[in-house]
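Written out below as structure tokens is the structure these notes cover.
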Amino acid sequence: MPYLTIFEEDAMVQVTREYILEVLETRFETVPQGLSDRINEIDDLALLKSLHKRAITVASVEEFEQVIASI
217 MPYLTIFEED
227 AMVQVTREYI
237 LEVLETRFET
247 VPQGLSDRIN
257 EIDDLALLKS
267 LHKRAITVAS
277 VEEFEQVIAS
287 I
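Quick note on this note's numbering: the sequence shown kicks off at 217 and runs consecutively.
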């Protein structure tokens, strides 16, 4: 990954969080507030990118909650 300023990385973290929530809302209509809060607490960009992929492939919100609980 190319060198990023702290501001650029923070922006990428925030955007990736938003993408995860958008995918979950699009696929499952609602996202529990606790899950949304947990996603917004994650600051690791690589982990968020991995979670974005999982959000696309999980069968349910509950399955995604299990993924989040395991980290």
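Beta carbons: idealized from backbone N, C-alpha and C, even for Gly. These numbers come from a predicted model, not from an experiment.
Proximity winner among the options, relative to residue i (alpha-carbon distances)
{"i": "I272", "options": "E234, L240, T232", "result": "L240"}
{"i": "V247", "options": "D226, R233, L220", "result": "R233"}
{"i": "R270", "options": "Y235, E224, D259", "result": "Y235"}
{"i": "Q230", "options": "D260, E281, E245, F280", "result": "D260"}
{"i": "L263", "options": "Q249, L237, I287", "result": "I287"}
{"i": "S276", "options": "I258, Q249, N256, E245", "result": "E245"}
{"i": "E278", "options": "E257, N256, Q249, I258", "result": "Q249"}
Buried or exposed (CB count within 10 angstroms, at least 16 for buried), residue i
{"i": "V274", "result": "buried"}
{"i": "F223", "result": "exposed"}
{"i": "L220", "result": "exposed"}
Test item: CB-CB of residue i and residue j under 8 Å
{"i": "I284", "j": "R254", "result": "yes"}
{"i": "L237", "j": "E281", "result": "no"}
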